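Student: Protein chains in written order, with the numbering used here: chain E, 1306 to 1642; chain U, 1306 to 1642.
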DNA sequence: ATGAAAGCGCTAACAT
DNA sequence: ATGTTAGCGCTTTCAT
């Protein structure tokens, strides 16, 4: 059923050469005469020869593939990170296998096992929301497979990481709201198991304290990362009859959810209530009014993660030495604040 | 540098068995006694043995991987399709390699070459917007690699396909607008090289004709698939001072772009102007007012594509017999019409 | 400059 | 029930 691929042997047979000669010729080995090289290259093209990189990986005990695990590829942020990784990987003739954990710990384990079996040369991960422990990463470390975390990291696993300075990002967003004269500022927070959410929440709290604004726990509403969570959070404020001047949300999707519920209640943004998000989601500039948010540069995060892992893979840096890269976020002021 | 993996031989050595016995035991071959099987399984676990599936692929001349090429994984629609493919593939112990063409013909060629070298068992593709010819698919067909197109198909290549009935989808959306009493209905169309755009446009035209509404070419505005295109399209109508009662857009992102420009001009949806999109993008239910749109079931498209290709891979169906699956779209009526 | 031999991990076919 | 052999395509090392 499976059609035989054209191999070096086929080329060799056709040219009455040995297959190792062909192999060397194809890789431009200095042993081989220019004549022969040319001949081999031409014949390879004629026969539509494709190197069997599986065989190569097999021989090397390592593929030219980088594994990437993200919670969800549909998410704007992760999609951009992946594009960044891809870009750098392609340039070095590496390909990537992208897996989704769907925020499920068990799926993450399955993904890792599958990637290990695929002899990945390196692994780039943003851990799932439900990841309980780091045991599954031990198998990766044990095999000396370079590992890089981005965005969400598992603290207890020793690995390089590329993270956004979420704390500072939250601080500058909150500073901005305060500088605009808002004093009663709510926060729609994310899941507290995730460092990203914790750091953003802490940045918000510390900035209020710094400015002598008392923390009102009633207007810190905890939830997830989706639009629904923004809707629900604002509903809680309504129930409390406790409408703030402004809201800082853990991300842009939550802000978009809040928009809907705010409009539903006949309030205007930013006149009645200002709102600032986080992440610079593509949609944030398209909603009305455009959303003030914090830019994270996901494409750069992806590129940097790929560069770090490739340095380790190609042996240019010591895999034992963990590198920590912190991306500085940037405030984008739009009409919502 | 690369740590040696635990292999069947290591297990064999430890148990004083032959490696082929171990191999059979691991695969639960009837030749092997239960005692030995148990022993082998236990030892494998102890040593943290992982089968080297690269070696297996190498031997079989085929991996257990399905290649997937989409224009962009960040797109809601494609992300869902991919999830659908993944779901079905996982169940059959297949993994997927996702590549993005970024709507670039050359990148599509590079992707295909890389996937072929990876000995993919099958290929699922949505062609890029700039794909000029089908020559790169010949290499796939020649190797008897099952090929399935979804959504956008390359007509000249003989392959199974899963497509949405875009024509009918456009018809029901347009019918709906007419039934609501709108008569001057504009269409923000997509790129005419893409069958999807052509079919949606034709559905719109034919439905107007069917109802005796003359076609006004000035209010059919051509553009791309992004928000920007919706913004630009409505600006053109404004320039023409030719505001319609309603708009049918080629997809939801274009509709969202139109929303912005409509609001900017102080018009209300649906009172001043109604709008219907296509695709049931996640955001379509979150914008204000929620967008009437046509549901495409991308997750099902993915599942179906994967099922078709797996049948061919597993030899349950004749790869020569092309299958055409047409997904019937469904109108979702919301507040924008 | 070219050829020969060996081996990566696994499995299918055959032998004991 | 277990062992032996051979080979998938490629590269590395050594021989001619």
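Beta carbons are placed, not taken as given, at the ideal position from N, Cα and C, and that holds for glycine. Just so we're clear, the structure is a prediction, and the values are computed from it rather than from any experiment.
#1: Classify residue 1311(U): buried if its beta carbon has 16 or more other beta carbons within 10 angstroms, exposed otherwise.
#2: Hey, how far is the Cα of residue 1563(U) from the Cα of residue 1634(U)?
#3: Near residue 1651(E), what residues of its chain come up, given a Cβ to Cβ distance below 8 Å and the 5 sequence neighbours on each side ignored?
#4: Using a 10 Å radius around the Cβ and a threshold of 16 neighbouring Cβ atoms, would you call residue 1588(U) buried or exposed?
#5: So residue 1588(E) contacts chain U; which residues on that side make the cut at Cβ distance below 7 Å?
#6: Could you name the residues of chain U that residue 1403(E) contacts, counting a contact when the two beta carbons are closer than 7 Å?
#7: Exposed or buried, what is residue 1359(E) when buried is set at 16 or more other beta-carbons lying within 10 Å of its beta-carbon?
#8: Any heavy atom of the ligand NAD closer than 6 Å to the Cβ of residue 1510(U)?
#9: Taking residue 1600(E) as part of the beta strand (DSSP E), name the residues at either end of that continuous run.
#10: Is residue 1555(U) helix, strand or coil by DSSP?
#11: Which residue from 1607(E), 1410(E) and 1586(E) puts its Cα closest to that of residue 1381(E)?
#12: Could you name the residues of chain U that residue 1532(E) contacts, counting a contact when the two beta carbons are closer than 7 Å?
#13: Between residue 1475(E) and residue 1508(E), how many whole angstroms is the CB-CB distance? I'm expecting something under 8 Å.
#14: Quick one: is residue 1419(U) near chain E, going by C-beta distance under 7 Å?
#15: Ends of the alpha helix (DSSP H) at residue 1320(U)?
#16: With 7 Å as the threshold, decide whether the Cβ of residue 1565(U) is near any Cβ in chain E.
#17: What whole-angstrom Cβ distance do residue 1453(E) and residue 1417(E) have, given they're in contact under 8 Å?
#18: Could you list which residues in chain E have their beta carbon closer than 9 Å to that of residue 1582(U), in chain order?
#19: Can you tell me whether DSSP reads residue 1572(E) as helix, strand or coil?
#20: Tell me whether the beta-carbon of residue 1541(E) lies closer than 7 Å to the beta-carbon of residue 1526(E).
#21: What are the complete alpha helix (DSSP H) segments, minimum 4 residues, inside the segment 1332-1363 of chain E?
#22: Quick one, which of 1493(E), 1329(E), 1498(E) and 1488(E) has its alpha-carbon nearest residue 1458(E)'s?
#23: Considering just the uninterrupted stretch of the beta strand (DSSP E) at residue 1578(U), what are its terminal residues?
#24: Nearest to residue 1555(U) by CA position, among 1496(U), 1353(U), 1484(U) and 1548(U), is which residue?
#25: Are any of the Cβ atoms in chain E nearer than 7 Å to that of residue 1358(U)?
#26: Could you check the C-alpha separation between residue 1582(U) and residue 1477(U) for me, to the nearest Å?
#27: Please confirm whether residue 1641(U) has its beta-carbon closer than 7 Å to some beta-carbon of chain E.
#28: Bridge partners of residue 1493(E), per DSSP?
#29: For residue 1468(U), write down the residues that DSSP places opposite it in a beta bridge.
#30: Cα separation between residue 1616(E) and residue 1622(E)?
#31: Using CA coordinates, which residue listed in 1627(E), 1640(E) and 1639(E) is at the minimum distance from residue 1461(E)?
#32: On the three-pair Cβ rule with 8 Å, is the segment 1408-1425 of chain E touching the segment 1600-1610 of chain E?
#33: In the DSSP assignment, find the beta strand (DSSP E) that holds residue 1400(U) and state where it starts and stops.
#34: Residue 1503(E) touches chain U at which residues, Cβ-Cβ below 8 Å?
#35: What span of residues does the beta strand (DSSP E) with residue 1454(U) cover, start to end?
#36: Under 9 Å, CB to CB, which of the residues in the segment 1376-1392 of chain E have a partner in chain U?
Tutor: Checking against the coordinates, here is how it stands:
#1: buried
#2: 23 Å
#3: Residue 1651(E) lies beyond the range of chain E shown here (1306 to 1642); nothing can be said about it.
#4: buried
#5: 1588
#6: 1403
#7: buried
#8: This structure lacks the ligand NAD, and indeed carries no ligand of any kind.
#9: 1598-1600
#10: coil
#11: 1586(E)
#12: 1591
#13: 3 Å
#14: yes
#15: 1313-1320
#16: yes
#17: In fact, because the Cβ distance is near 14 Å, the residues do not count as touching under 8 Å.
#18: Within 9 Å Cβ-Cβ: nothing; residue 1582(U) doesn't reach chain E, min ~14 Å.
#19: coil
#20: yes
#21: 1339-1351
#22: 1498(E)
#23: Taken as a continuous stretch (DSSP letters only), residue 1578(U) belongs to no beta strand (DSSP E), as it is neither H nor E.
#24: 1496(U)
#25: yes
#26: 11 Å
#27: no
#28: 1526(E) and 1554(E)
#29: 1631(U)
#30: 6 Å
#31: 1627(E)
#32: no
#33: 1400-1405
#34: By Cβ distance, chain U contributes nothing, its closest Cβ being about 26 Å from residue 1503(E), past 8 Å.
#35: 1452-1455
#36: 1377, 1378, 1379, 1380, 1381, 1383, 1384, 1385, 1387, 1388 and 1391
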